[in-house]
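Going by our numbering, the first residue of the sequence shown is number 9, and it counts up by one from there. All residues carry an ideal CB built from backbone N, CA and C; glycine is no exception. Below: one structure, written as structure tokens.
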Amino acid sequence: MSNALLEVDHLTKRFGGVTAVDECSFTVEPGTITALIGPNGSGKTTAFNMITGYLKADSGEIRFHGETIARPRPATLYRRGLSRTFQQARIFPELTVEENMVVAGGFGPRELFGRRVTSADSERALTMLTQFRLDQLAQLPAGDLSYGQRKLLEFAAVLMSSPTLVLLDEPTAGVNPVMIDAMEQHIRERHAAGVTFLIVEHDMQLVMRLCDPVIVLDRGAPIAFGPPELIQNDPLVLEAYLGS
Ligand SMILES: Nc1ncnc2c1ncn2[C@@H]1O[C@H](COP(=O)(O)OP(=O)(O)O)[C@@H](O)[C@H]1O
Ligand SMILES: [Mg+2]
Numbered sequence: 009m010s011n012a013l014l015e016v017d018h019l020t021k022r023f024g025g026v027t028a029v030d031e032c033s034f035t036v037e038p039g040t041i042t043a044l045i046g047p048n049g050s051g052k053t054t055a056f057n058m059i060t061g062y063l064k065a066d067s068g069e070i071r072f073h074g075e076t077i078a079r080p081r082p083a084t085l086y087r088r089g090l091s092r093t094f095q096q097a098r099i100f101p102e103l104t105v106e107e108n109m110v111v112a113g114g115f116g117p118r119e120l121f122g123r124r125v126t127s128a129d130s131e132r133a134l135t136m137l138t139q140f141r142l143d144q145l146a147q148l149p150a151g152d153l154s155y156g157q158r159k160l161l162e163f164a165a166v167l168m169s170s171p172t173l174v175l176l177d178e179p180t181a182g183v184n185p186v187m188i189d190a191m192e193q194h195i196r197e198r199h200a201a202g203v204t205f206l207i208v209e210h211d212m213q214l215v216m217r218l219c220d221p222v223i224v225l226d227r228g229a230p231i232a233f234g235p236p237e238l239i240q241n242d243p244l245v246l247e248a249y250l251g252s
């Protein structure tokens with residue numbers, strides 16, 4: 009039996025004539041920061057969407073903690089410790105930063121607006137916001153945050169569910185260099201605290217210093233897998249990125 013935290017087994021998804029993910033198999037071992045890279049359109053986001061239950065696979069299997077996820081649903085997976093961020097950060101712009109955190113902690117808007125949020129919940133949200141240096145912004149509508157701050161908020165919010173596995177889809181895309189450093193720091197801290205990561209990332213320097221192993225997708229399936237030093241010099245990988 010595998011010790012993998014996540015096993016993706018011959019996963020396939022077609023959109024009309026396009027096979028976005030094609031008999032794709034890979035594993036994520038516990039305690040790793042695993043990178044999923046590949047040229048634009050290679051199927052990274054589609055794979056994420058199936059793993060996290062936002063999209064139904066045409067075929068294939070996903071196992072989390074060794075258990076087959078028969079009908080992946082985002083909310084169920086979230087409660088079981090698998091959560092994600094989106095390429096375009098998804099937050100509630102009308103809610104305050106703090107309310108976004110409390111909602112992510114498992115409260116529906118009804119509880120929130122019924123003011124049944126206890127001081128303990130709000131304290132936990134504030135502790136997390138302080139760690140992300142967003143505490144000064146806690147009472148602002150989340151829609152007022154900068155693009156980079158929204159990405160940080162989304163990451164912080166995902167952590168309110170105490171996940172074991174977090175999938176990040178391009179956490180630093182479009183984010184300024186200071187914010188990239190902050191994001192890297194937060195990933196490292198959470199990793200040190202025991203969270204496993206699967207990260208789609210285009211910034212190769214960041215991938216090289218942060219992630220091990222690296223999985224390279226091309227046309228919906230892995231073409232390389234291994235430590236970043238090896239991936240960097242793999243002729244198949246260079247060809248996938250440069251040629252086509
Ligand atoms: N909802 C969709 N409908 C039709 N085609 C899609 C859809 N989502 C993705 N695709 C196609 O699937 C392929 C993989 O896309 P995607 O998973 O977004 O790649 P990546 O995240 O690696 O850039 C692309 O050819 C893309 O155009
Ligand atoms: Mg994508």
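Taking C-beta atoms under 8 Å as the contact rule, Val222 and Ile239 qualify, at a distance of about 4 Å. Residue pairing for Ile207: DSSP places it in a beta bridge opposite Ala43, Leu176. Asn184 counts as exposed, since fewer than 16 other C-beta atoms from the protein chains shown sit within 10 angstroms of its C-beta. Within the same chain, and ignoring the five residues on either side of Pro243 in sequence, no residue has its Cβ closer than 8 Å to its Cβ. A buried status is given to Glu162, since no fewer than 16 other beta-carbon atoms sit within 10 Å of its beta-carbon. The beta carbons of Thr172 and Asp211 sit no closer together than 8 Å.
Here Phe23 is exposed. Its C-beta has fewer than 16 other C-beta atoms within 10 Å. Within the DSSP secondary-structure output, Glu69 pairs in a beta bridge with Asp17. Under a 10 Å Cβ-count criterion, Val26 is classified as exposed, with fewer than 16 other Cβ atoms of the shown protein chains found around its own Cβ.
Secondary structure of Ala200 (DSSP, three-state): helix. Under the criterion of beta carbons closer than 8 Å, Thr93 and Leu214 do not qualify as touching, at roughly 15 Å. In chain order, the residues positioned with their C-beta nearer than 6 Å to some heavy atom of ligand 2 are Lys52, Thr53, Gln95. One alpha carbon belongs to Lys64, the other to Ala248, and they sit about 27 Å apart.
The three-state secondary structure of Gly234, taken from DSSP, is strand.
At least 8 Å separates the beta-carbon of Met168 from that of Ala229. CA-to-CA, the gap between Glu15 and Val110 works out to about 31 Å. Assigned with DSSP and collapsed to three states, Leu145 falls in helix.
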